[in-house]
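Just so we're aligned: the sequence shown equals residues 22 to 347 in the numbering used here. Every residue, glycine too, gets a C-beta built ideally from N, C-alpha and C. Bear in mind that the values here come from a model prediction, so they are computed numbers and not experimental data.
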Amino acid sequence: MVDSFGRKINYMRISVTDRCNLRCRYCMPEEGVQNLGHGKILSLEDLARLARVAAQVGISKIRLTGGEPLVRKNITGLVACLADIDGIDDIAMTTNGLLFPALAQDLKDAGLKRINISMDTLKEERFEYITRRGDLSSVREAVFKALELEMNPVKINVVVIRGFNDDEIVDFARLAYDHPLHIRFIEFMPVGDLLFWEPQRMMNSDEIRMVLQNDYELTPQKAIEGNGPARYYKISGGAGSIGFISPMSHQFCSECNRIRLTADGKLRGCLYEKQEVDLKEALEREASDEELRELFWRAIKSKPARHNMDSGWGQQNLRKMYQIGG
Ligand code: SAM
Ligand code: SF4
Numbered sequence: 022m023v024d025s026f027g028r029k030i031n032y033m034r035i036s037v038t039d040r041c042n043l044r045c046r047y048c049m050p051e052e053g054v055q056n057l058g059h060g061k062i063l064s065l066e067d068l069a070r071l072a073r074v075a076a077q078v079g080i081s082k083i084r085l086t087g088g089e090p091l092v093r094k095n096i097t098g099l100v101a102c103l104a105d106i107d108g109i110d111d112i113a114m115t116t117n118g119l120l121f122p123a124l125a126q127d128l129k130d131a132g133l134k135r136i137n138i139s140m141d142t143l144k145e146e147r148f149e150y151i152t153r154r155g156d157l158s159s160v161r162e163a164v165f166k167a168l169e170l171e172m173n174p175v176k177i178n179v180v181v182i183r184g185f186n187d188d189e190i191v192d193f194a195r196l197a198y199d200h201p202l203h204i205r206f207i208e209f210m211p212v213g214d215l216l217f218w219e220p221q222r223m224m225n226s227d228e229i230r231m232v233l234q235n236d237y238e239l240t241p242q243k244a245i246e247g248n249g250p251a252r253y254y255k256i257s258g259g260a261g262s263i264g265f266i267s268p269m270s271h272q273f274c275s276e277c278n279r280i281r282l283t284a285d286g287k288l289r290g291c292l293y294e295k296q297e298v299d300l301k302e303a304l305e306r307e308a309s310d311e312e313l314r315e316l317f318w319r320a321i322k323s324k325p326a327r328h329n330m331d332s333g334w335g336q337q338n339l340r341k342m343y344q345i346g347g
C-alpha cells in the first residue's frame, strides 16, 4: 500500500513485549518500570492475526523487536506462525542477544531468516555500565552462533555515544574486517526523554566515517539485504561491511517503508509520531478482518512526511523506546 506521500509501505516492526532483561541507559529507565500486564499485551494469536491482515494490505516483511523479543514466551511459535502467512517473505529480529544462543536453532528452523544483535561496546565493564546488567560474553556468543547458523546477513547495531564508545569505532570496524558481519553505527536519538540523553553525546555519521577513514578504505555499496535505512560501505579487503543509520543528520523519511505495532496493540506510522491507531481495542470488540484492514489503511495514510526529532520528544509523547519497539 502507498501512503499519502507516495511511499510504498511493505515493512512492519512488531514489538512483541515491553519487557527486557537489560536496562540500557538510552532506552529504559532503571527504576519504576511498570510492564504491561497480561491483559494489556497482544496475545500470540492476536499478533499472528494482525500480521495476516497486514499482509493483505501489502506488508511482506516483518521484524520482531521489543523490549527484548526473546523474553516473550513461545517466540519460536510466533515465528513459525508468521512464516506460514501468505505474502510474508521475510522475518527478522532485533535482539540484545543474551538468550539467542539457546534458542537460535529453533528460531532458524521456525523461519527466522536474519538477525540484528545490539552490542554497543566490546569492553566488559562498559557493557555492564550501559546496560546496567548484562554480560558481554553472552552477546559475543550470540553473534558467533548467528554466523555459524548462516543467518545471513548478521548485523550488529552500535549506538554511538560520544564520550562512551566513540573510541571503539575502529575496533568495531576491525570486527567487520575480520568476520562477515555488518556493523551499523546508529546515531543516538533523543527518544523517551531519558536523563541519559544530551545533545553533545550524539555523534553524527559523517564524524564517525571520518574516524574510520584514517584506518580503512570504505567504498559505497548497495544495500545489504534488509529493509532499513542504513547506507553501507565495503571495507577494502575485509569480510563484512560498515553501515550508517543517520536519523538525526541525514533524514531518510522520504524512503521510509515501515509501520510499527506496539506490544499493547497500537499501530504507529512513525517512531517519533504520537498518533496511534488502536488495534487492541478493535480486537476486543471482535472487529472483522475488513475493519482491521481499514485501521491499517488509516495508520498508513496518516504516516507523517518526516519525523520531527529536532523539536524534542515532547510531554505528550509518553512512551520510551522499549515501549515502542526500536
Ligand atoms: N532489545 C532489543 C535490542 O536491544 O536489540 C530490541 C529492542 S531495542 C529498543 C532496538 C534497537 O534500538 C537497539 O539496537 C537499540 O540499541 C536501539 N535504541 C534504543 N534506544 C535508542 C536511542 N535512544 N537511540 C538510538 N538507538 C536506540
Ligand atoms: Fe532492552 Fe534493547 Fe532497550 Fe537495551 S535497547 S533496554 S536491550 S530494549
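If you draw a straight line from the C-alpha of residue 230 to the C-alpha of residue 252, how long is it?
11 Å
Please check the pair residue 269 and residue 48, which I expect to be a contact at CB under 8 Å, by giving their CB distance rounded to whole angstroms.
So it is not a contact: roughly 16 Å between Cβ atoms.
Within a Cβ cutoff of 7 Å, which residues of the same chain sit near residue 68, ignoring the five residues on either side of it in sequence?
35, 37 and 99
Does the beta carbon of residue 209 fall short of 8 Å from some heavy atom of the ligand SAM?
yes
Please find out if some non-hydrogen atom of the ligand SAM comes closer than 8 Å to the beta-carbon of residue 213.
yes
Segment limits, alpha helix (DSSP H) that includes residue 100
96 to 104
Given 8 Å as the limit, tell me if residue 13 has its C-beta closer than that to any heavy atom belonging to the ligand SF4.
Residue 13 is absent from the structure shown; the chain starts at 22 and stops at 347.
Which residue's Cα is closest to the Cα of residue 205: 214, 215, 244 and 169?
244
Is residue 140 near the ligand SF4, judged by its Cβ being under 8 Å from some heavy atom?
no
Residue 127 in three-state terms, based on DSSP
helix
Considering only heavy atoms of the ligand SF4, does any lie closer than 8 Å to the CB of residue 283?
no
Measuring from the CB of residue 277, is there a heavy atom of the ligand SF4 at a distance below 8 Å?
no
Would you list, in sequence order, the uninterrupted beta strand (DSSP E) runs of no fewer than 3 residues that lie entirely inside the stretch 122 to 194?
135 to 139 and 175 to 181
If you follow the alpha helix (DSSP H) that residue 342 is part of, which residue opens it and which one closes it?
342 to 345
Does the ligand SAM have even one heavy atom less than 8 Å from the beta-carbon of residue 33?
no
So does residue 253 have its beta carbon nearer than 8 Å to some heavy atom of the ligand SAM?
no
If I follow the unbroken beta strand (DSSP E) through residue 111, where does it start and stop?
111 to 116
From the DSSP output, which residues share a beta bridge with residue 265?
206 and 252
Integer Cβ distance of residue 170 from residue 201, believed to fall under 8 Å:
Between residue 201 and residue 170 the Cβ distance is about 13 Å, and since that is not below 8 Å, they are no contact.
Just verifying my parser: in three-state terms, what is the DSSP assignment at residue 275?
helix
As assigned by DSSP and simplified to three states, the class of residue 231:
helix
Any idea which residues DSSP pairs residue 61 with across the strands?
DSSP output for residue 61 lists no bridge partner at all.
Using the rule of at least 16 other Cβ atoms within 10 Å of the residue's Cβ for burial, across every protein chain shown, is residue 23 buried or exposed?
exposed
Looking at the ligand SAM, does it come within less than 8 Å of residue 56, judged from the CB to the closest heavy atom?
no
So residue 288 is in the beta strand (DSSP E); what residue range does that whole segment cover?
287 to 289
Name the residue from 139, 161 and 215 whose alpha carbon lies nearest to the alpha carbon of residue 176.
139
Contact between the stretch 178 to 198 and the stretch 207 to 226: three or more CB pairs below 8 Å?
yes
With distances taken between CB atoms, is the gap from residue 137 to residue 152 smaller than 9 Å?
no
So is the beta-carbon of residue 231 under 8 Å away from any non-hydrogen atom of the ligand SF4?
no
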